[in-house]
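Colleague: Quick one: the structure is below, questions incoming.
Number of protein chains: 2
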Amino acid sequence: MRLNDIGEEKAISSFIEAIQTGGCKRKDMLAGPGEDDCAVVLIEGEKYLLSSDLLTRTKHFPKEMSYWQMGWSLAAVNFSDIASMGGTPLFLTVSIAIPNVELKKLLELGYGLRDCATEFGAKIVGGDLNHHSELVIDASVFGKSPEKTLRRKNAQVGDYVCVTGELGSAYLGVLAILDQIQVDKEVKEKAFKALFEPYPRVKEGIKLSKGSATSAIDCSDGLWKSLYHICSNSNVGAKIESNKLPVDDSILKASIENEIPLKNLVGKGSDYELLFTTPNEDDVRKVGGYIIGKITEDKEINLDGKNINYKSTSYNHFE
Amino acid sequence: MRLNDIGEEKAISSFIEAIQTGGCKRKDMLAGPGEDDCAVVLIEGEKYLLSSDLLTRTKHFPKEMSYWQMGWSLAAVNFSDIASMGGTPLFLTVSIAIPNVELKKLLELGYGLRDCATEFGAKIVGGDLNHHSELVIDASVFGKSPEKTLRRKNAQVGDYVCVTGELGSAYLGVLAILDQIQVDKEVKEKAFKALFEPYPRVKEGIKLSKGSATSAIDCSDGLWKSLYHICSNSNVGAKIESNKLPVDDSILKASIENEIPLKNLVGKGSDYELLFTTPNEDDVRKVGGYIIGKITEDKEINLDGKNINYKSTSYNHFE
Chain A
1 MRLNDIGEEK
11 AISSFIEAIQ
21 TGGCKRKDML
31 AGPGEDDCAV
41 VLIEGEKYLL
51 SSDLLTRTKH
61 FPKEMSYWQM
71 GWSLAAVNFS
81 DIASMGGTPL
91 FLTVSIAIPN
101 VELKKLLELG
111 YGLRDCATEF
121 GAKIVGGDLN
131 HHSELVIDAS
141 VFGKSPEKTL
151 RRKNAQVGDY
161 VCVTGELGSA
171 YLGVLAILDQ
181 IQVDKEVKEK
191 AFKALFEPYP
201 RVKEGIKLSK
211 GSATSAIDCS
221 DGLWKSLYHI
231 CSNSNVGAKI
241 ESNKLPVDDS
251 ILKASIENEI
261 PLKNLVGKGS
271 DYELLFTTPN
281 EDDVRKVGGY
291 IIGKITEDKE
301 INLDGKNINY
311 KSTSYNHFE
Chain B
320 MRLNDIGEEK
330 AISSFIEAIQ
340 TGGCKRKDML
350 AGPGEDDCAV
360 VLIEGEKYLL
370 SSDLLTRTKH
380 FPKEMSYWQM
390 GWSLAAVNFS
400 DIASMGGTPL
410 FLTVSIAIPN
420 VELKKLLELG
430 YGLRDCATEF
440 GAKIVGGDLN
450 HHSELVIDAS
460 VFGKSPEKTL
470 RRKNAQVGDY
480 VCVTGELGSA
490 YLGVLAILDQ
500 IQVDKEVKEK
510 AFKALFEPYP
520 RVKEGIKLSK
530 GSATSAIDCS
540 DGLWKSLYHI
550 CSNSNVGAKI
560 ESNKLPVDDS
570 ILKASIENEI
580 PLKNLVGKGS
590 DYELLFTTPN
600 EDDVRKVGGY
610 IIGKITEDKE
620 INLDGKNINY
630 KSTSYNHFE
């Protein structure tokens, strides 16, 4: 049985089973592999967050992307994991496997990492550099957890389902790169910006952890898969209304002209907004977010009254 | 100017310059990129260690190596960085970019990681899994620093130069894989074991940090480069005696038969022993180590009275 046959999710869950060192949880690990966007560990009695994200040239870096943007993205996607738990990024280690490129490209990648780290108050403390046929970069982030760590698992029936910002640009960007759609220059630039320079919602995550938010995750695997994670971990369902999904006007117009179903636009891209639940509208206002639906008792994920199959509307690394 | 032209060291130092976020050090970072095997950071007033190491199929995993050994190695080389500072590994994040292999190979890799983590009391807390044309695996380790962190920079004139165990097996293993030497089965197995299943000297590092050791590093880049790092950071030199270099009898015999100069045998391989300096012979005895020379005032690295050019007797990732 090869990885392609069993798919990403099963591969990950089997792997997580393989690496369990005992069966019982260690007292200093409050959340482990696969449970949330970060692991939660206790250090000197305080909660800290650990996570890593790897990006490859083939999968994540189209030719339109600059080395600066690759570096920025690597830090940003890691910080987004911290943001989704309400945390503050502190330290980053970076490992780079890189072909024999011009030194200035490696340095541009470094500037991108540096600029993103600076933007979010984190520090690159170490790493590794190797020669490789294709660019593969990995970072591991260490951050401080807030007093109330935002998890995937505590969404409550009746909570509002919310996002911190507009969705859909990233997937439109992917389709533009693949030349599968016709869009004008301005829209393309907007979509590329969302795709190439994700802006992790660190400040929003911190605010949410101080409020009444009951759960959070980032939308990096698309809205539906992220929502599925919250629902399955919280043992609830969700009802989403398509007319409440926040999509930039020009992005929406372009998606309609190109006959991209809205559920794909928000489901198949890596938008780095936070998806969260809260019983309190104030939380949504404080982070400039949008209410897109409600948490329900039945376990379905539902869009305008129809069940959503999140697997067919999400991205799968091994398909 | 491409990376191959400028070489690994210059590429790394230029990159480190590029990622500096301010110029001034942050108060909670006591050692940063390029200074030591790990970064040293302050968390809740206590010292912790962070490091990452990336391994690729082409560079690090010959076809003779099992997936279990690859997983073991990834954890081991990261733990070795912690060991060289006298620390204790606590948590590991693991990122995997892997082709469409059989699931059982991925799981074997997981078992190798798990077994090494268990051996050294650490826990795998999270990671990332991606599809990729060639296996690239990266891990980041988080560990506790001892009260006296072992650094590269405090070796003193007159200190003994020591290693925790025998050297040379790893390089003999490399040459056997490349079919550049003739060795019998037993020697080959011994060499492969050293190369494929490095055993980080965590316990030895902890003991050394409690004694009088003045500096330490692991020998993963070969003896001479590691010694160069200690000497240049400590602003000293070293005098090594070849008859004191500890090499297993059968490995030494095979290297002589194949006309491998001793300085290459110990200099070009990745032996995961610790190289350390101490004024106190007791430290050496406590870790079952060997004295191989002395720290000197003049800045040269010297073997039997002759200057060693560490660059020509070490491994370079970009040459």
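So the sequence lines, in the order shown, correspond to chains A and B. Note that this note's numbering gives residue 169 to position 169 of the first sequence, counting from 1, and the numbers run on in steps of one. Just so we're on the same page, this note's numbering is the position in the second sequence counted from 1, plus 319. Glycine residues also receive a C-beta, built at the ideal position from the N, C-alpha and C atoms. Keep in mind it's a predicted model, so treat the numbers as computed, not measured.
Considering residue 568 of chain B, what are the terminal residues of the alpha helix (DSSP H) in which it resides?
Modeller: For this step, residue 568 of chain B is matched to residue 249 along the second sequence. Note, residue 568 of chain B: alpha helix (DSSP H), 568–576.
Colleague: For residue 376 of chain B, which option in B:515, B:485, B:401 has the closest C-alpha, if you only look at C-alpha atoms?
Modeller: Mapped onto the second sequence, residue 376 of chain B falls at position 57. Ranking B:515, B:485, B:401 by Cα distance to residue 376 of chain B puts B:515 first.
Colleague: Step through the CB atoms of chain B and report whether any lies within less than 8 Å of the CB of residue 15 of chain A.
Modeller: By one-based count along the first sequence, residue 15 of chain A stands at place 15. Yes - at least one Cβ of chain B is within 8 Å of the one on residue 15 of chain A.
Colleague: Could you check what DSSP says for residue 36 of chain A in three-state terms: helix, strand or coil?
Modeller: For the purposes of this step, residue 36 of chain A is taken as residue 36 along the first sequence, with counting starting at 1. If DSSP states are grouped into helix, strand and coil, residue 36 of chain A belongs with coil.
Colleague: List in chain order: all unbroken alpha helix (DSSP H) runs of 4+ residues lying wholly within the region 170–201 of chain A.
Modeller: Listed in chain order, the complete alpha helix (DSSP H) runs (minimum 4 residues) inside the region 170–201 of chain A are 185–196.
Colleague: Enumerate in chain order the residues of its own chain whose CB-to-CB distance from residue 121 of chain A is below 6 Å, with the five nearest sequence positions on each side excluded.
Modeller: Counting from one through the first sequence, the residue named residue 121 of chain A turns up at place 121. The answer is none, since no qualifying residue turns up.
Colleague: Helix, strand or coil for residue 451 of chain B, going by three-state DSSP, please let me know.
Modeller: Counting from 1 along the second sequence, the entry for residue 451 of chain B is found at position 132. Of the three classes helix, strand and coil, the one that applies to residue 451 of chain B here is coil, per DSSP.
Colleague: Classify residue 161 of chain A as helix, strand or coil using the three-state DSSP reduction.
Modeller: Here residue 161 of chain A refers to the residue found at position 161 when the first sequence is read from its first residue. The answer is strand: DSSP assigns residue 161 of chain A an E or B state.
Colleague: Between the Cα of residue 431 of chain B and those of B:391, B:416, B:520, spot the shortest distance and give me the residue it belongs to.
Modeller: As a first step, residue 431 of chain B must be located in the second sequence, where it is residue number 112. For the residues B:391, B:416, B:520, the minimum Cα distance to residue 431 of chain B belongs to B:391.
Colleague: Kindly list, in the order they appear in chain B, the residues whose Cβ is closer than 7 Å to that of residue 285 of chain A.
Modeller: Numbered from 1 along the first sequence, position 285 holds the residue referred to as residue 285 of chain A. Result: empty, since nearest Cβ-Cβ is about 33 Å, beyond 7 Å.
Colleague: Verify the CB distance criterion: does residue 408 of chain B have a CB-CB separation below 8 Å to chain C?
Modeller: Looking for chain C here will not work: the only protein chains present are A and B.
Colleague: To the nearest angstrom, how far is it from the Cα of residue 133 of chain A to the Cα of residue 107 of chain A?
Modeller: In the first sequence, the residue the question calls residue 133 of chain A occupies position 133. In the first sequence, the residue the question calls residue 107 of chain A occupies position 107. Cα to Cα, residue 133 of chain A sits roughly 18 Å from residue 107 of chain A.
Colleague: If you compare alpha carbons, which of A:179, A:89, A:52, A:125 is closest to residue 144 of chain A?
Modeller: Residue 144 of chain A sits at position 144 when you count from the first residue of the first sequence. Out of A:179, A:89, A:52, A:125, A:89 has the C-alpha closest to the C-alpha of residue 144 of chain A.
Colleague: Note down, in chain order, each residue of its chain lying with its Cβ closer than 7 Å to the Cβ of residue 599 of chain B, except the 5 sequence neighbours on either side.
Modeller: Taking the first residue of the second sequence as position 1, residue 599 of chain B is located at position 280. Correct list, in chain order: 530, 531.
Colleague: In three-state DSSP terms, what is residue 348 of chain B?
Modeller: By one-based count along the second sequence, residue 348 of chain B stands at place 29. Strand, per DSSP.
Colleague: Just checking my contact of residue 114 of chain A with residue 31 of chain A at CB under 8 Å: how many whole Å lie between their CB atoms?
Modeller: As a working mapping, residue 114 of chain A is identified with position 114 in the first sequence. As a working mapping, residue 31 of chain A is identified with position 31 in the first sequence. That pair is no contact at about 30 Å.
Colleague: If you draw a straight line from the alpha carbon of residue 225 of chain A to that of residue 310 of chain A, how long is it in whole angstroms?
Modeller: Position 225 of the first sequence, counted from the start, is the residue given in the question as residue 225 of chain A. Position 310 of the first sequence, counted from the start, is the residue given in the question as residue 310 of chain A. Each residue's Cα considered, the two are about 6 Å apart.
Colleague: Touch check for the region 387–403 of chain B and the region 583–603 of chain B: three-plus C-beta pairs under 8 Å?
Modeller: Yes: the two stretches touch, three or more of their Cβ pairs being nearer than 8 Å.
Colleague: Pull up the DSSP beta-bridge partners for residue 268 of chain A, would you.
Modeller: On the first sequence, position 268 is the one that residue 268 of chain A refers to. In the DSSP output, where bridge partners are listed per residue, residue 268 of chain A has none listed.
Colleague: Closer than 9 Å by beta-carbon distance: list the chain A residues that pair up with residue 348 of chain B, in chain order.
Modeller: Counting from 1 along the second sequence, the entry for residue 348 of chain B is found at position 29. In chain order: 91, 123, 125.
Colleague: Would you kindly work out how many angstroms separate the C-alpha atoms of residue 580 of chain B and residue 192 of chain A, rounded to a whole number?
Modeller: The residue labelled residue 580 of chain B in the question sits at position 261 within the second sequence. The residue labelled residue 192 of chain A in the question sits at position 192 within the first sequence. Those two C-alpha atoms are separated by around 56 Å.
Colleague: How would you list, in chain order, the residues of chain B whose beta-carbon sits under 9 Å from the beta-carbon of residue 1 of chain A?
Modeller: Residue 1 of chain A sits at position 1 when you count from the first residue of the first sequence. Within chain B, the residues near residue 1 of chain A are 421, 422, 423.
Colleague: Buried or exposed, going by whether 16 or more other CB atoms sit within 10 Å of the CB of residue 41 of chain A?
Modeller: Here residue 41 of chain A corresponds to residue number 41 of the first sequence, with the count starting at 1. Result: buried.
Colleague: Do residue 234 of chain A and residue 154 of chain A have their beta-carbon atoms positioned less than 8 Å apart in this structure?
Modeller: Along the first sequence, read from residue 1 onward, the residue named residue 154 of chain A stands at position 154. Along the first sequence, read from residue 1 onward, the residue named residue 234 of chain A stands at position 234. Contact: yes.
Colleague: Check whether chain B comes within 8 Å of residue 111 of chain A, counting only Cβ atoms and requiring the distance to be less than that.
Modeller: Reading the first sequence from its first residue, position 111 is the one you call residue 111 of chain A. Yes - at least one Cβ of chain B is within 8 Å of the one on residue 111 of chain A.
Colleague: Check whether the Cβ of residue 56 of chain A lies closer than 8 Å to any Cβ atom in chain B.
Modeller: Residue 56 of chain A sits at position 56 when you count from the first residue of the first sequence. Taking Cβ atoms only, chain B reaches closer than 8 Å to residue 56 of chain A, which makes this a yes.
Colleague: Using a Cβ-Cβ distance cut-off of 8 Å, determine whether residue 38 of chain A contacts chain B.
Modeller: As a first step, residue 38 of chain A is located in the first sequence; it is residue number 38 there, counting from the start. At least one chain B Cβ lies under 8 Å of residue 38 of chain A.
Colleague: Which of the three DSSP states is assigned to residue 558 of chain B in this structure?
Modeller: The residue given as residue 558 of chain B occupies position 239 in the second sequence. In the structure shown, residue 558 of chain B sits in a strand (DSSP, three-state: E or B).
Colleague: Could you say which of A:45, A:166, A:149, A:70 lies nearest to residue 206 of chain A if we only look at CA atoms?
Modeller: Position 206 of the first sequence, counted from the first residue, corresponds to residue 206 of chain A. The candidate whose alpha carbon is nearest that of residue 206 of chain A is A:149.
Colleague: Tell me, please, whether the CB atom of residue 269 of chain A is closer than 8 Å to any CB atom in chain B?
Modeller: Counting from 1 along the first sequence, the entry for residue 269 of chain A is found at position 269. It does not; no Cβ of chain B falls within 8 Å.
Colleague: When you compare the CB of residue 26 of chain A with every CB in chain B, is at least one pair closer than 8 Å?
Modeller: For the purposes of this step, residue 26 of chain A is taken as the residue at position 26 of the first sequence. It does; some Cβ of chain B falls within 8 Å.
Colleague: What residues match up with residue 149 of chain A in a beta bridge as DSSP calls it?
Modeller: Walking along the first sequence from the start, residue 149 of chain A turns up at place 149. Note: residue 149 of chain A sits in no beta bridge, so no partner.
Colleague: For residue 366 of chain B, return the contacting residues in chain A, with the cut-off set at a CB-CB distance below 8 Å.
Modeller: Taking the second sequence and counting its residues from 1, the one referred to as residue 366 of chain B is at position 47. Within 8 Å Cβ-Cβ: nothing; residue 366 of chain B doesn't reach chain A, min ~11 Å.
Colleague: Taking the continuous alpha helix (DSSP H) assigned at residue 612 of chain B, which residues delimit it?
Modeller: What you label residue 612 of chain B is simply residue 293 of the second sequence in a count that begins at 1. Element bounds for residue 612 of chain B: not the alpha helix (DSSP H) but the beta strand (DSSP E), 609–615.
Colleague: For residue 77 of chain A, which three-state DSSP category applies?
Modeller: Taking the first residue of the first sequence as 1, we reach residue 77 of chain A at position 77. Of the three classes helix, strand and coil, the one that applies to residue 77 of chain A here is helix, per DSSP.
Colleague: Could you work out which residue in A:194, A:268, A:177 is closest to residue 222 of chain A when comparing CA atoms only?
Modeller: As a working note, residue 222 of chain A is residue 222 in the first sequence. Among A:194, A:268, A:177, the Cα nearest to that of residue 222 of chain A is on A:268.
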